[in-house]
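This note's numbering puts the first residue of the sequence shown at 328, with every later residue one more than the last. So the structure is just underneath, and the comments pick up after that.
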Amino acid sequence: MVSRFSLLIAIGCFLVDSVVALPRFASRTNFSCKSCHVNPTGGGMRSPFGNSYGREELPIPTWQEQFALDEFNTNLTDFLSYGADVRFLYFYQSKDDGSADRSSFFPMQADVYLNLQLSRKISVFVNPAFGPFPRYEVFGLAKVLPAGGYVKVGRFTPSYSMRLDDHTSYVREATPFRNNSGQQAGIELGIYPEPIGIVAAITNGVSGDRASDVSKALYGRVDGRVKIGPAGIMLGASAYRDNTAGGRLTLLSGFGGVSFGEAFTVLAEVQHMKGTSTLMSVSSDRNQRNSAGIELKQLALFTELSWAIMQGIDLKFMYDFFDPDVDIKSGRAERLSFGLEFFPVSGVELRPLIRFTNDTKLNTNITDFHLMMHFYL
């Protein structure tokens with residue numbers, strides 16, 4: 328019963344950040360995440376520009392024209408605004424290890440965002456993040472640094488690497504930020520001397536909201552964007568160092584994306600992980616992959632190709648690779664995913680996907696069908 332519940336939870340976190348912070352859209356538009364989101368590092372509540380983009384550039388135009396609201400505004404007052412993300416998932420899973428097939432409807436996410444503007448440059452953001460994981464965020468944001476920079480203080484999602492929408496991808500799942508969780512208490516600084524963005528932070532790390540010692544986690548990220556003819560190029564790197572909670576963890580990643588006009592986008596990320604296995608092993612199969620407490624070096628890769636065949640419909644192909652112990656030649660996991668993203672009207676997304684996983688460490692082949700239903704504003 329426990330293992331099945333854990334499986335539901337893990338699968339339920341699939342694509343939890345979907346439309347809210349897709350690196351694909353940032354690559355296509357050549358905009359940074361802060362252009363579309365209240366949080367400068369992306370994710371969660373959308374800014375007025377982000378709402379406008381979601382209503383005008385994502386849905387099928389004729390359906391949007393027929394069914395969309397004539398007037399739409401997320402401002403409650405001049406200084407208080409709101410947003411929301413609600414997701415449900417249907418999945419069907421089959422393994423070739425003799426275990427029974429599984430399927431379920433699963434409530435993935437129910438987030439209601441509030442942003443209180445205290446002044447032109449200072450605001451307070453609250454996201455209760457209802458659900459099975461302690462994903463809540465609450466922070467103060469002061470946009471007072473030069474070059475469009477800011478200071479953020481509170482509990483927030485670390486801006487480590489790309490904000491991928493698939494949080495079961497190995498480049499996310501093998502880190503403390505798996506399952507769309509990993510929010511940490513601390514202080515974050517960011518500046519944006521265009522076309523470059525630089526973010527650095529110090530937090531309590533995985534030790535929790537009330538750290539028991541003086542150990543802290545550090546992370547940083549730098550990325551840049553350039554337009555060469557019809558191609559938009561994004562390149563970046565990030566690092567995370569955490570010695571809290573009696574463990575050791577170092578993450579290094581390189582990532583990038585290339586968009587060819589509005590039609591084709593390719594994203595890629597490579598991640599190297601070194602540290603204590605209890606902090607870094609893939610969550611759902613941690614105890615089966617490696618013993619707890621040992622030192623490990625791991626490698627994960629991610630690639631995504633998206634083709635916008637028309638406004639409102641994107642075809643998707645994704646490849647994931649994970650080596651749970653690079654010092655041992657045998658044992659790895661590979662996953663191929665195919666499907667599409669469908670935005671019929673503003674505020675609605677449907678995403679059917681078929682995924683094929685081959686795990687030679689666990690000696691298992693897995694076939695999944697996912698249908699994610701997302702409602703957002």
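Here a beta-carbon is modelled for each residue, glycine too, at the ideal position from N, C-alpha and C.
Each residue's CA atom was taken as its position, placing SER539 and GLY371 some 30 Å apart. Residue pairing of GLU521 in beta bridges, as defined by DSSP: absent, with no partner found.
Between the alpha carbons of TYR546 and ASN531 lies a gap of roughly 11 Å. The C-alpha of THR694 is placed about 40 Å away from the C-alpha of PHE466.
Judged by their CB atoms, PHE452 and ASN366 are nearer to each other than the 8 Å cut-off.
Annotation: the continuous alpha helix (DSSP H) that includes GLY377 extends over 375-383. In the structure shown, GLN638 falls within a coil segment according to DSSP collapsed to helix, strand and coil. Taking 8 Å as the cut-off, the Cβ atoms of HIS701 and LEU680 do not count as close. When rounded, the separation of the alpha-carbon atoms in GLU521 and ARG548 is 15 Å. For TYR497, the uninterrupted alpha helix (DSSP H) segment begins and ends at 497-500.
Beta-bridge annotation (DSSP): ALA566 is paired with GLY547 and LEU579. Going by DSSP, THR694 is part of the beta strand (DSSP E) stretching over 691-703. According to DSSP, residue pairing for ILE560 in a beta bridge involves VAL553 and VAL585. In the three-state DSSP reduction, SER534 falls in the helix class (H, G or I).
ALA527 and LEU623 have their C-alpha atoms some 26 Å from each other.
In this structure, DSSP gives GLN444 an extended state, which the three-state scheme calls strand. Residue environment for ALA660: buried (at least 16 other C-beta atoms within 10 angstroms of its C-beta). With a threshold of 16 other beta carbon atoms within 10 Å, LYS688 meets it and is buried. For PHE399, the secondary structure class from DSSP, reduced to helix, strand or coil, is coil. In this chain, the alpha helix (DSSP H) harbouring PRO388 covers 388-394. Within 10 angstroms of the beta-carbon of GLN393 lie fewer than 16 other beta-carbons, which makes it exposed. When DSSP reads this structure, SER431 sits in a beta bridge with PHE418. Spatial neighbours of PRO503 in its own chain (CB-CB distance under 6 Å, excluding positions within 5 residues in sequence) are listed in chain order as GLY509 and VAL533.
Between the beta-carbon of GLN625 and that of ALA501 there is about 6 Å, and that keeps the pair under the 8 Å contact cut.
In the three-state reduction of the DSSP assignment, ARG659 falls in the coil class, being assigned neither a helical nor a strand state.
Put simply, of GLY674, TYR567, ARG568 and GLU631 the residue whose alpha carbon is nearest the alpha carbon of ALA595 is GLU631. Per DSSP, GLY425 lies in no beta strand (DSSP E) segment and is marked neither H nor E. Per the C-alpha coordinates, the member of ARG462, GLY574 and GLY551 positioned closest to THR603 is GLY574. Under the three-state reduction of DSSP output, ARG505 falls in the helix class. The C-alpha of LYS470 lies about 14 Å from the C-alpha of GLY524.
Taken through DSSP and simplified to helix, strand or coil, GLN510 comes out as coil.
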